[in-house]
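**Q** Protein chains in written order, with our numbering: chain A, 2 to 330; chain B, 2 to 323; chain C, 489 to 991; chain D, 21 to 318; chain E, 2 to 308. Take a look at this one; I'll ask things after.
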Amino acid sequence: MEKLLQVDNLETVFTKDKQKIKILHGVNFHINKGEVIGLVGESGSGKSITSLSIMKLFKGTSGEITSGRIQFNNEDLANKSEDEMRKIRGKQIAMIFQEPMTSLNPVMKIGEQLLEPIRLHLGLKEKKAREHAVSILKKVGIPRAEEIMSEFPHQLSGGMRQRIMIAMAISCHPQLLIADEPTTALDVTIQAQILDLMKQLQQKEKMSVLLITHDLGVVAEMCDRVVVLYAGKVVEEADVFDLFESPKHPYTKGLIGSVPKLGQKKDKLDSIKGNVPDPSNLQKGCKFAPRCNDAMSICIKEEPPEMNFENGRSCSCWLYKEERGRIRV
Amino acid sequence: MSNTLLKVTGLKKSFSIPDGMFGKKKTLKAVHDVSFMIPEGKTFSLVGESGCGKSTTGRLISRLIAPSQGEIWIDGEEISQRKESQLKIMRKKVQMIFQDPYASLNPRMKVRDIVAEPLAIHTNLSKAQRYKRVSEILEVVGLSEYHANRYSHEFSGGQRQRIGIARALIMKPKLIIADEPVSALDVSIQAQILNLLKDLQSEFNLTYLFISHDLSVVEHISDHIGVMYLGTIVESGPKEILFSNPQHPYTKALLSSIPIPDPRLRRERIILQGDLPSPVNPPTGCRFHTRCPVAMDICKVTEPSVKKGGTADHFVACHLVE
Amino acid sequence: VVGCSSKESSVEKKDGNKTSNKEMVIAVNENFISMDPHNTGDTNSNSVQSAMLEGLLGFDADGKITPKLAESYTVSENALEYNFKLRKGVKFHDGVDFNAKAVKVNFERIMKDNSLRLNSRGFNLITKIDIINDYEIKVTLKEPYAGMLTRFVSAKILSPKLLAEGKEKIAKDPVGTGPFKFVEWIQGDHLTVERFDGYWGKGERVKKITYKPVPENGSRVAMLKTGEAQVIYPLPSQNIKELENNNAIKVEKIPSTIAQYVSINTMKKPFNDPRVRQALNYAVDKDAFISVVNSGLGLPLDSIIPNKTLHYVKQKEYKQNIEKAKQLLKEAGYDNGFKTEIWGNTNSDTMKGMQFIQQQLKAIGVDLKIKSMEEGTLSDEIYGAQKPEDTKLQMWYVSWSAYPSDTTNATKPLFYGGSFPPNGANTAYYKNDQVDKWMEEVNKTADPTKQDEIYRDIQSTIYKDAPWIFLGVDEILAGKRTNVDGVVITPDGGIDVTDANMK
Amino acid sequence: MELSKAVNQNNTVITEKKYSPLQDFWKNWKRQKTAFWASLFILLLIIIAVIGPYIAPHDPYKPDYNALLKGPSKDHIAGTDEYGRDIFSRLLAGARISLSVSFLSVSIGAIIGTILGLVSGYFGGWLDRLIMRASDVMFAFPDILLAIAIVAILGPGLTNVVIAVSIFGVPSFARLVRGSTLEAKETLFVEAAKSMGASHIRIMFQHILPETLGSLIVFVSMRIGTAILAASSLSFLGLGASPETPDWGAMLSLGRDYLGTSPHVVIMPGIAIFLTVLAFNVVGDGLRDVLDPKTKNE
Amino acid sequence: MIQYILKRILEMIPILFIVSILIFLFTHLIPGDPARLVAGKDATLDEVDVIRAQLGLNQPIWEQYLTYMNHLFHGNLGTSLKTKLPVTDMFGDRFMPSIYLTLASMVWALEVGLLIGTLSAVFKNKWQDYLGMVTAVSGISLPGFWLGLILIQIFSVQLGWFPTGGAEGWKSYVLPSLTLGAGIMSMLARFTRSSLLETLKADFIRTGRAKGLKESVVIPKHALRNSLIPVVTIAGLQFGFLLGGSVVVETVFSFPGMGRLLIDSIAFRDYPVIQAELLLFSVEFIVVNLIIDLLYSFLNPKIRYAV
Ligand SMILES: Nc1ncnc2c1ncn2[C@@H]1O[C@H](COP(=O)(O)OP(=O)(O)OP(=O)(O)O)[C@@H](O)[C@H]1O
Ligand SMILES: Nc1ncnc2c1ncn2[C@@H]1O[C@H](COP(=O)(O)OP(=O)(O)OP(=O)(O)O)[C@@H](O)[C@H]1O
Ligand SMILES: [Mg+2]
Ligand SMILES: [Mg+2]
């Protein structure tokens with residue numbers, strides 16, 4: 002399979018009070034053409050920052066990529082100038098943001114916002130562009146698409162807004178769609194529609210998708226492979242079947258355990274104790290160790306290396322040191 | 002049987018929306034005849050499609066907006082037409098958790114002041130006492146003391162929602178209107194929060210109006226569920242009954258859309274055909290008939306009345322149900 | 489260069505004389521108020537009117553009265569009858585003939601309408617107007633009035649046709665016999681007149697004159713420099729040096745009839761003691777006043793009237809003498825000086841002058857508080873007091889100007905016992921029965937020598953009594969491009985353009 | 021509660037440090053380099069305002085008719101004015117009046133205007149209409165008429181100048197704040213505060229006011245300059261200080277006639293006003309940045 | 002929307018009625034006696050009384066008001082006490098020049114102000130920002146007469162490009178509008194900067210960038226419009242003030258505008274002219290502010306006005 006995106010040892014740093022805070026600690030993963038990758042992890046683990054890093058959308062913040070490579074179609078995005086990135090954004094890599102309320106310009110009509118990338122990247126003119134926009138809106142399940150074009154974001158419900166965002170992202174047939182929690186704000190029926198739509202688009206147009214979500218149901222439904230992020234590091238990567246069947250990392254196990262399942266008569270859900278550590282104050286060793294039920298003494302001393310297993314699986318955990326894992330250096 | 006904390010009857014809300022720059026106004030019936038009740042200490046969940054009026058119902062009950070019609074009884078008091086000045090006591094009893102965690106937090110206030118605000122409004126605790134309570138409650142929702150001194154934009158989405166929950170919990174209110182409180186949370190925290198909400202409920206005898214579109218979450222937390230479609234509740238009942246024996250075609254469709262966290266169980270979804278009709282021009286007859294897979298002729302003409310759906314507490318508005 | 493208005497007008501008819509096609513711009517400092525000559529109180533309106541309108545009498549360059557539309561005139565001995573022989577062959581701009589009838593309608597208008605300014609100033613004294621023949625007319629007064637001749641200068645004769653058209657038209661669109669006729673008046677911007685080719689007077693003059701109100705001193709100077717204006721009046725004294733060095737510009741200094749003074753309320757303590765008032769006069773250095781406040785222009789005021797005024801007699805000036813001033817104060821019982829207040833309007837010149845007085849009086853221990861007031865408020869404060877006891881006025885920094893020929897107006901409103909505010913401008917509340925008698929007397933005679941005599945006494949008496957701090961007489965400044973000819977600035981600030989021409 | 025115990029222990033170590041808003045502010049303020057220096061300059065101005073007359077090299081009131089309108093020299097570093105008074109000394113002595121009048125009047129105008137604007141924008145309806153139409157009328161009234169009325173009622177004096185200039189400012193501030201209020205009241209966090217039962221006062225001052233601060237600060241710092249000039253124009257109506265008082269604005273305006281011939285008479289007070297306004301603007305920008313949580317740490 | 006506008010316009014009637022009373026009382030109650038001012042310093046009491054009677058000022062004030070209103074309803078603004086000309090005549094020649102000058106000043110001030118403000122915000126704390134700041138502070142802290150006279154010195158006296166004053170032809174508007182607009186430009190620049198800085202942090206700006214839009218599109222199209230509310234407020238106010246004319250600029254450039262007329266009339270207590278002008282300005286401000294309010298809801302569609 003052909004690789005579309007290869008992220009190597011990505012490190013992203015924010016500056017606060019003149020103090021550098023590393024958010025991503027060397028993230029590695031790749032996306033093949035036409036593949037749907039799920040990026041999961043707890044809130045604050047760095048999922049959104051990973052996606053912003055790929056797009057290099059740090060203007061106006063203190064964030065910057067300090068090391069690592071982002072190979073997209075065999076070109077390193079990390080070294081691209083702002084001008085070059087601009088040609089890629091929206092056209093080759095599109096993004097759906099997590100915050101549907103604030104990510105749309107409140108004073109521009111939906112239509113105007115939607116037409117922007119269409120005109121820019123597809124070069125369509127007035128009427129054609131409009132038709133295209135309306136068809137995309139219909140595709141993402143917006144009722145009264147024509148009318149909505151001339152409405153303002155605040156007139157729409159949260160779900161509708163997110164659908165607008167999705168429409169905007171897929172309007173230029175990107176090669177890679179980064180979807181940061183695209184369906185979180187949607188109800189199940191629309192979620193089903195959207196997921197279905199994303200699947201179709203992905204299959205028809207050989208679009209790759211980086212799906213950031215914490216809804217493991219969505220992951221199971223959609224993804225081919227899953228990357229689990231914890232405190233700015235990939236702790237596990239596996240085929241979706243393997244992951245749900247036999248999660249390796251204790252964190253992954255915890256995540257899968259906390260999902261409420263339909264028909265499950267439990268008074269209390271399982272949950273991972275504690276929460277994601279503060280990135281400005283990370284301790285040595287495995288970042289998950291303080292919350293890990295299986296923590297060993299080595300875990301708080303030394304960071305576990307990435308261990309590779311068969312079937313493209315990898316996991317960073319000392320539990321598997323003795324197993325068949327080959328330590329990649 | 003415990004007493005009823007919240008009772009809503011015949012709630013209606015229409016917005017007038019301008020039609021273009023110079024056109025006449027149009028009426029948008031966001032909530033159209035909603036009735037339900039929640040016994041004290043129980044959880045009632047509203048589920049339904051985006052734009053069907055869930056949040057509006059929540060905003061009506063918390064009296065952020067005034068209903069066009071209907072009654073709202075909270076803790077034995079009717080508040081639907083009260084003036085703002087007469088609502089303060091009610092506001093102490095009722096707290097909200099908002100759908101959009103970021104926008105509902107004042108970007109210029111530190112988290113500790115955001116969370117302490119209800120205390121500042123309703124109590125005369127000293128600043129130190131308030132901050133102490135804040136530290137406690139932050140830990141309860143899974144944040145730490147060191148977060149208190151920051152601004153909301155420095156948090157990730159999930160952390161922000163926890164701030165919102167902490168703010169709602171700090172007053173130990175009687176009724177919490179939770180508008181999609183966990184949809185922005187990742188599963189582990191979602192589980193924590195759901196557990197927490199349940200714990201708090203049993204500890205303080207809290208009552209929840211829980212708004213969500215995540216049926217698995219809803220199933221976990223609720224006692225009763227109301228399924229909303231285009232401003233009305235089309236089916237409501239105890240969760241066991243609703244999940245095991247859904248009567249309304251819309252409920253059925255909803256249930257079939259839930260993604261199941263097991264890749265082996267991928268299935269063909271029943272994806273509803275057609276768009277959600279506009280609440281400005283709702284369909285005649287049964288509001289669902291335009292998308293209903295089993296619609297009959299009568300559905301287009303007559304609005305179905307609410308009928309008992311077999312068991313007690315189970316109500317359905319569908320012509321198919323006898 | 490845009491905005492330079494001295495362009496050739498090519499379409500106008502040629503009479504072989506190149507200069508006559510030139511146009512002239514005159515920039516003055518204030519807006520014109522009205523074009524109704526019978527109801528005008530401001531200098532600038534007067535100046536503009538004088539280009540278009542003429543009275544029976546006129547002023548020469550020194551301000552002396554000469555016949556104008558009258559060929560000659562006589563005044564009866566009892567100063568009650570005025571007889572005018574009118575000029576023949578004069579036409580109004582609208583083609584109507586000028587004659588005794590026209591004069592009569594004009595005078596009757598003023599006599600009858602008591603809202604007109606000139607009415608209360610002499611014309612309401614008229615009892616009879618007799619047309620002796622087409623070109624001779626006799627005016628009879630009820631009682632003698634020494635200022636009457638000056639009024640005949642002011643009472644410009646308008647076309648009877650215009651008078652018939654009503655007040656509003658008169659105020660906007662004057663028609664007279666002058667060397668220029670009215671073209672247009674754009675409110676606030678400019679007023680244009682055009683040469684009247686049927687003018688009775690001889691001489692060459694420019695084709696057109698545009699008057700522009702340009703209140704900002706610096707801008708007026710700039711206009712003169714750029715040639716946008718050929719004449720500016722007044723020229724700010726600060727710029728005199730700079731402009732004198734400019735070859736294209738000549739600066740003209742004209743002695744004026746503007747007296748600057750501080751009136752002292754002689755009825756209020758401590759000013760009821762003449763020694764105190766004299767002390768104040770001795771305390772002020774008039775030469776320094778002229779150099780600091782007036783940029784070195786003008787003369788000390790060495791009588792109660794300026795030297796250009798008829799009947800002026802120089803008095804022994806109060807030269808600055810601090811010792812003497814202190815001595816006088818001591819005699820009056822104010823060894824340690826006193827506190828008092830000076831009022832003035834809010835013009836920057838007034839404020840400057842008041843500060844100067846403040847600085848000067850400090851030397852003799854008088855602590856002067858400056859209270860500058862907006863004109864309307866000030867006027868209320870001064871004229872609001874119905875009786876002398878009511879007034880809060882102590883000192884007032886002000887100036888006074890009258891026509892050189894009108895000594896009555898230069899004295900009576902200021903020193904006559906019946907002219908206390910609100911009945912006049914005697915803000916010194918000066919009352920001297922002898923002076924009052926003289927003033928009544930001088931008004932009743934038409935004999936210049938007798939007038940001279942009485943005014944000599946009046947001047948010396950009042951000057952000694954020192955109801956004012958006598959400061960200075962202004963010298964007024966005008967600027968002209970060197971190619972300008974025949975524009976005369978009169979001592980009262982009028983601009984005579986009868987012979988206006990450009991080389 | 022069980023959950024609370026599960027929190028990381030290692031995180032609590034750093035949080036021992038006491039939180040003090042003032043210290044926090046100071047820390048951030050020092051980081052705003054230009055604004056920091058500008059605030060020192062304002063401090064200097066304030067010191068001059070207090071001790072100015074005592075450190076002046078010459079008597080600011082003493083005329084010297086032999087040295088009229090002299091340009092800057094060793095003895096008179098800013099030259100002399102039309103009475104031969106030392107301009108530099110007058111500037112030092114005038115700082116007090118110019119600064120206090122402008123600062124006081126802008127502050128008072130800002131406070132009253134802000135409250136009116138908040139009330140107007142927040143409550144809307146007839147109250148809004150009343151306040152706004154009242155301010156429309158206020159706008160239409162020229163300053164000079166108000167000044168005449170104030171002199172008539174209260175008499176001349178510096179206090180009344182402050183009152184007058186404050187009144188001029190009120191409607192502008194009210195309009196400005198109302199504009200931002202209309203926007204801020206639509207935010208979700210305002211709705212959230214409402215749902216908590218926050219009083220109107222609390223919502224207005226705690227939630228909406230901070231949203232308007234950005235423009236408010238800019239306007240205040242801009243108006244400092246206008247107020248200095250406005251105060252002087254009032255002395256031309258007899259409302260202000262008497263003309264001999266060394267007030268920067270009055271010095272500037274009275275020097276008008278000398279602009280062409282002895283420009284230093286106007287340039288010197290002009291520079292003083294310019295630097296003051298510049299300092300206030302720089303400080304304003306810094307303040308804006310420090311008060312905005314998103315930028316304060318940059 | 003139309004309804005809203007209509008309502009606001011109808012609302013003007015009672016407001017103007019109240020305003021007329023206010024203006025009338027205000028002008029008549031401030032100290033200063035027009036009869037005296039018309040008559041002159043040397044006038045006797047009798048003369049003043051005659052004039053007072055003639056001006057109708059000896060009547061009870063409410064009667065004067067009724068007469069005034071009666072005239073007003075017949076479209077008669079009265080006759081100037083000072084010039085005896087109809088007020089409409091005096092306005093006639095001044096009104097349009099005032100409007101043109103206002104527009105000219107506003108247009109350049111808006112454009113340059115927005116430009117400087119935007120550049121300052123985009124290049125925050127760079128030299129562009131500092132230059133913008135110094136320009137803006139100069140514009141606001143230097144009095145109009147100074148700027149005006151300097152412009153005259155340079156462009157009229159030295160270069161001879163523009164006339165020193167008047168209101169004939171577009172050239173005579175250049176210098177006055179530059180002078181008049183300077184302060185506004187400064188205000189607008191500062192407000193634009195401050196407001197834009199806030200907007201640039203918003204999420205939707207990131208969305209715009211993620212679409213691949215250029216900064217030159219993101220800033221003006223997405224950021225600027227979201228920042229305009231305070232800018233529009235200030236611009237509107239200034240526009241209103243400009244319509245009222247500027248005494249300083251009209252004086253320096255001997256411009257026939259409404260401002261100096263008002264000041265002259267006030268000095269003379271020329272009641273009919275003052276009243277007419279104030280009434281006119283009130284209408285102007287109300288209309289301008291109505292437009293601002295409409296602009297608000299255009300700039301931020303969330304702002305809707307209850308009808
Ligand atoms: N602009 C910023 N400045 C400083 N720190 C930031 C900034 N944005 C994010 N962070 C920090 O980076 C970490 C990762 O944030 P990120 O938004 O990537 O989380 P996430 O995995 O997307 O979480 P969620 O599921 O809640 O969206 C968090 O600890 C957050 O506090
Ligand atoms: N203030 C308002 N003015 C006009 N229409 C409104 C307003 N608030 C909500 N609506 C409309 O009312 C309907 C119901 O909106 P509501 O926000 O209650 O939906 P919801 O069920 O909460 O949807 P979601 O799950 O997307 O949040 C929508 O069509 C919405 O556009
Ligand atoms: Mg995220
Ligand atoms: Mg909702």
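The C-beta atom is built at its ideal place from N, Cα and C for all residues, glycine as well. Source: prediction; values computed, not measured.
Are Glu246 of chain A and Ser189 of chain B touching if we call contact CB-CB under 8 angstroms?
**A** No, Cβ-Cβ distance for Glu246 of chain A and Ser189 of chain B is not below 8 angstroms.
**Q** Should Ile983 of chain C be flagged as near chain E, meaning a C-beta pair shorter than 8 angstroms?
**A** no
**Q** Identify every run of the beta strand (DSSP E) within the region 538-565 of chain C, keeping only runs that are complete inside it and at least 3 residues long; order them along the chain.
**A** The region 538-565 of chain C contains, as complete beta strand (DSSP E) runs of 3+ residues, the segments 545-547, 553-555 and 558-563 (chain order).
**Q** May I ask you to list, following chain order, the residues of the region 103-118 of chain B that have a beta carbon less than 7 angstroms from some beta carbon of chain D?
**A** Listed by position along the chain: Ala104, Ser105, Leu106, Asn107, Pro108, Arg109 and Glu118.
**Q** What whole-angstrom Cβ distance do Ser105 of chain B and Gly59 of chain B have, given they're in contact under 8 angstroms?
**A** About 13 angstroms; that fails the 8 angstroms criterion.
**Q** Taking Cβ positions only, does Met216 of chain D come closer than 8 angstroms to chain B?
**A** Chain B, which has a Cβ nearer than 8 angstroms to the Cβ of Met216 of chain D, makes this yes.
**Q** So, using beta-carbon positions, are Gln193 of chain B and Gly232 of chain B closer together than 8 angstroms?
**A** no
**Q** In chain order, what residues of the same chain have a beta carbon less than 6 angstroms from the beta carbon of Ser127 of chain D, not counting five sequence neighbours either side?
**A** none
**Q** Reducing DSSP to helix, strand and coil, say where Lys30 of chain B ends up.
**A** strand
**Q** Can you find the residues in the same chain that come closer than 8 angstroms, C-beta to C-beta, to Gly275 of chain A, ignoring five residues on each side of it along the sequence?
**A** Pro291 and Arg292
**Q** Closest Cβ-Cβ distance between Thr134 of chain D and chain B: below 8 angstroms?
**A** Interface residue (Cβ-Cβ distance to chain B less than 8 angstroms): Thr134 of chain D is not classified as such.
**Q** Out of D:Trp146, D:Thr296, D:Pro77 and D:Gly141, point me to the one whose CA is closest to Ser139 of chain E's CA.
**A** D:Thr296
**Q** With DSSP run on the structure shown, which of helix, strand or coil describes Cys316 of chain A?
**A** strand
**Q** Can the beta-carbon of Ile793 of chain C be found less than 8 angstroms from the beta-carbon of Thr638 of chain C?
**A** no
**Q** Can you name the start and end residues of the beta strand (DSSP E) that Val513 of chain C belongs to?
**A** Glu511 to Val516
**Q** Is Glu318 of chain D close to chain C? Criterion is C-beta to C-beta, closer than 8 angstroms.
**A** Confidence in Glu318 of chain D is poor, its pLDDT being 48 and thus under 50, which makes the residue's placement unreliable; the coordinate value appears in the next sentence. Among the residues facing chain C, Glu318 of chain D is not included, as its CB has no counterpart in that chain under 8 angstroms away.
**Q** Quick one, are the C-beta atoms of Ile619 of chain C and Lys592 of chain C less than 8 angstroms apart?
**A** In this structure, Lys592 of chain C lies closer than 8 angstroms to Ile619 of chain C by Cβ.
**Q** Taking just the CA atoms, how far does Gly189 of chain D sit from Thr291 of chain B?
**A** 60 angstroms
**Q** On a CA-only basis, which of A:Gly64, A:Val41 and A:Ala79 is nearest Lys19 of chain A? Give me that one, please.
**A** A:Gly64
**Q** Rounded to whole angstroms, what's the CA-CA distance from Ala515 of chain C to Thr84 of chain E? Just pull it up for me.
**A** 20 angstroms
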